[in-house]
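Okay, structure first, notes after.
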Amino acid sequence: MTDYKTLNYDEVSVGDKLPPQDIDITTGLIVSTALATRDYEPVHHDKAVAQATGLPDVFMNILTSQSFMTRFTTDWSGPEAVVKSLDIRLGAPNVPGMVMTVTGEVKAKDDDAGIIDIEVVGENNIWGMHMQGTVQLALPKGA
Amino acid sequence: MNTEEQRTFEELIYSYVGKQVCPRTAAKDAVNEAMIRHWAEAIGDRNPAYTDPEWAAQSSRGKTIAPPAMMYSWGQEGFPVVAQGRTPDAQSELVEKFNENGFFGTLGTNVKQEYFKEVSPGDTVYMEMVVDNISEQKATARGIGYFFETLATFSDQHGDEIGTQRFRVLKFIPPAEQAAATESADSALEVPTRIASPRGHDNKWWWDACDEGKVLIQRCRDCQTLRHPPRPMCGECQSMQWDSIESALAGEVLSFTELHHPKIPGYQYPLICAVIKLGEGTNLVANVVGCEPEAVHIGMPVQGKVEQVDEKTMLPQFYPA
Numbered sequence: 001m002t003d004y005k006t007l008n009y010d011e012v013s014v015g016d017k018l019p020p021q022d023i024d025i026t027t028g029l030i031v032s033t034a035l036a037t038r039d040y041e042p043v044h045h046d047k048a049v050a051q052a053t054g055l056p057d058v059f060m061n062i063l064t065s066q067s068f069m070t071r072f073t074t075d076w077s078g079p080e081a082v083v084k085s086l087d088i089r090l091g092a093p094n095v096p097g098m099v100m101t102v103t104g105e106v107k108a109k110d111d112d113a114g115i116i117d118i119e120v121v122g123e124n125n126i127w128g129m130h131m132q133g134t135v136q137l138a139l140p141k142g143a
Numbered sequence: 001m002n003t004e005e006q007r008t009f010e011e012l013i014y015s016y017v018g019k020q021v022c023p024r025t026a027a028k029d030a031v032n033e034a035m036i037r038h039w040a041e042a043i044g045d046r047n048p049a050y051t052d053p054e055w056a057a058q059s060s061r062g063k064t065i066a067p068p069a070m071m072y073s074w075g076q077e078g079f080p081v082v083a084q085g086r087t088p089d090a091q092s093e094l095v096e097k098f099n100e101n102g103f104f105g106t107l108g109t110n111v112k113q114e115y116f117k118e119v120s121p122g123d124t125v126y127m128e129m130v131v132d133n134i135s136e137q138k139a140t141a142r143g144i145g146y147f148f149e150t151l152a153t154f155s156d157q158h159g160d161e162i163g164t165q166r167f168r169v170l171k172f173i174p175p176a177e178q179a180a181a182t183e184s185a186d187s188a189l190e191v192p193t194r195i196a197s198p199r200g201h202d203n204k205w206w207w208d209a210c211d212e213g214k215v216l217i218q219r220c221r222d223c224q225t226l227r228h229p230p231r232p233m234c235g236e237c238q239s240m241q242w243d244s245i246e247s248a249l250a251g252e253v254l255s256f257t258e259l260h261h262p263k264i265p266g267y268q269y270p271l272i273c274a275v276i277k278l279g280e281g282t283n284l285v286a287n288v289v290g291c292e293p294e295a296v297h298i299g300m301p302v303q304g305k306v307e308q309v310d311e312k313t314m315l316p317q318f319y320p321a
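If you read the protein sequences in the order shown, they are chains H and Z. For the first sequence, position 106 matches number 106 in our numbering, and the numbering has no gaps at all. For the second sequence, position 109 matches number 109 in our numbering, and the numbering has no gaps at all.
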């Protein structure tokens, strides 16, 4: 069993930046994540159907974008953090061949609730902003 | 759609506000380790709170939990969506009304999920959903349309609320060029280039020279005054006779700004946009490259070069001299 560290509420400051993550967008990733989130809409696994909507290829489903957003924050915070909310604005689609870079910064702290607001942005290298929003995490307080 | 038709249409769509999309329904599968593991593998999430029962046993929770982002996944219909299509409900009826009236563009724009209680293997997720609100008609960048929002409420087998989800969708009339794009062939992913220079009657010659690697400055044939950007008449003597000289592209930064947001596809960042005072006396708007943005300052001596900046574009760019 590996020892996992979780950030304490007091260790985190507004302005802290999270380590960026690069995610290679492949057909395999788009199809696998769509099915793992139980999203069988054909635009996420059938290229011909996706092209009929005007896009070059299958594209990432929203539940996966949400999943990458929470993963990005809990990879940083550690496993005892509790995700309280996720507020996401959607931009350009992620299609195979792109790389999405996810960055984030702590924007606010609520001392009474022990909750931090993290602004997260996912930009792909071809079309720009894919997702932008806020994840709220409750972090353990005290020793 | 005239005003009368629009009123009738809006009465129809607004009648869907408050309608139930689905009553409180249990997910086909209880929360389980296998589906969580499949999700964790695909997302690449190694959080032991989801997939490591041994770690979880000694954690503050005492057991593994489902990833919160899976909250909506549990109730998804699955493969029948492909095989038979979605079961009609108030939402699909509403979408159909939009489609019938030309608003056939669909774009998910926002999702907000709030989580009140974590669930673990063995729990059952229930979901109910209503059409919560529909906006007035909006002119958006995508086209004229309406935003509608569904509100899903999630609960467990004890009736405790697990969380909520607000999903906002834009239904819009797609512009003509977008309809043409639906012919999209099986082509490679096209990397966007910079916004193409507008070449008109009075400035095409300038851009054509730029394509040849030269920056020209227009000169009045009568009074010899230089001018830029290109225009038909001399501001000094009103002569319409002109020729041009080639700039040596030596100059200094007169003013500049750094463009941050929104990032435009096709441009490299950091992006410094400057007004350069050329040695010949005229000003030129161009990018400053070849140094950190912090190093750029007013009065900075620069030397320009006409360079290919992307597959389709030649532009003068300025370097610290």
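For glycine and all other residues, C-beta sits at the position ideal for the given N, C-alpha and C.
| Check | Outcome |
| --- | --- |
| Kindly indicate the opening and closing residues of the beta strand (DSSP E) around Z/S255. | A250 to L259 |
| Roughly how many angstroms separate the alpha carbons of H/L137 and Z/T51, rounded to a whole number? | 20 Å |
| Can you tell me which of the three DSSP states H/W145 falls into? | The structure shown does not extend to residue 145 of chain H, since chain H is modelled only from 1 to 143, so the question has no answer here. |
| In whole angstroms, give me the CA-to-CA distance for H/P79 and Z/G18. | 38 Å |
| Could you pull out every residue in the same chain whose Cβ sits closer than 6 Å to the Cβ of Z/G304, ignoring the five residues on either side in sequence? | L249, P316 and F318 |
| Checking the sheet assignment: what are the DSSP bridge partners for H/M100? | H/I23 and H/N124 |
| Z/G105: buried (16+ other C-beta within 10 angstroms of its C-beta) or exposed? | buried |
| Could you pull the start and end residues of the alpha helix (DSSP H) that Z/P301 belongs to? | Not the alpha helix (DSSP H): Z/P301 falls in the beta strand (DSSP E), residues P301 to D310. |
| On the DSSP bridge list, what partners appear for Z/K112? | H/D87 and Z/R166 |
| The alpha helix (DSSP H) spanning Z/Y14 covers which residue range? | T3 to Y14 |
| Which residues share a DSSP beta bridge with Z/N32? | DSSP output for Z/N32 lists no bridge partner at all. |
| Are the beta-carbon atoms of Z/V169 and Z/T87 separated by less than 8 Å? | no |
| Exposed or buried, Z/C234, counting other C-beta atoms within 10 Å across all chains shown (16 or more means buried)? | buried |
| Considering only their Cβ atoms, is the gap separating Z/S15 from H/L63 smaller than 8 Å? | no |
| Residues in the same chain with beta-carbon distance under 8 Å from Z/E93, minus the five sequence neighbours each way, listed in chain order, please. | Y16 |
| Between the alpha carbons of H/T37 and Z/Q308, how many angstroms are there, rounded? | 44 Å |
| In this structure, what does DSSP give as the bridge partners for Z/Q20? | Z/V130 |
| Please determine, among Z/D123, Z/G145, Z/P68 and Z/F147, the residue with the shortest C-alpha to C-alpha distance to Z/Q157. | Z/D123 |
| Roughly how many whole angstroms lie between the Cα atoms of H/V121 and H/G133? | 7 Å |
| Would Z/N110 pass as an interface residue toward chain H - the criterion being a Cβ-Cβ separation below 8 Å? | yes |
| CB-CB under 8 Å to Z/I36, same chain, minus the five flanking residues each way: which ones, in chain order? | Y50, T51, T64, A66, P67, M70 and P121 |
| Got a sec, what are the start and stop residues for the beta strand (DSSP E) H/M69 sits in? | From DSSP, H/M69 is part of no beta strand (DSSP E) but of the alpha helix (DSSP H) over I62 to S77. |
| For Z/K263 and chain H, any beta-carbon pair shorter than 8 Å? | yes |
| Does any residue of chain H have a CB that is nearer than 8 Å to the CB of Z/P335? | No answer is possible for residue 335 of chain Z: the residues shown for chain Z start at 1 and end at 321. |
| Please list, in chain order, the chain Z residues whose beta carbon lies closer than 7 Å to that of H/K107. | The contacting residues do not exist; H/K107 stays about 15 Å from chain Z at best. |
| Let me see if you follow: with CB-CB separation under 8 Å, is Z/F318 close to chain H or not? | no |
| Taking C-beta to C-beta, are Z/L259 and Z/L278 nearer than 8 Å? | no |
| Just to check my reading of the structure: H/K109 and H/V14 have Cβ atoms closer than 8 Å, yes? What is that Cβ distance to the nearest angstrom? | 6 Å |
| Under 7 Å Cβ-Cβ, which residues of chain H neighbour Z/V81? | Y40 and E41 |
| What does H/P20 touch in chain Z if you count any residue whose Cβ is under 8 Å from its own? | Simply none; closest approach about 14 Å. |
| The beta strand (DSSP E) spanning Z/V275 covers which residue range? | L271 to L278 |
| Any Cβ of chain H within less than 8 Å of the Cβ of Z/A49? | yes |
| What does DSSP give as the partner residues of Z/S155 in its beta bridges? | Z/Y126 and Z/E161 |
| Using a cut-off of 7 Å between C-beta atoms, extract the partners of H/A113 located in chain Z. | Within 7 Å Cβ-Cβ: nothing; H/A113 doesn't reach chain Z, min ~13 Å. |
| Specify the secondary structure class of Z/P316 as computed by DSSP and reduced to three states. | strand |
| From the beta carbon of H/Y9, is the nearest beta carbon of chain Z less than 8 Å away? | no |
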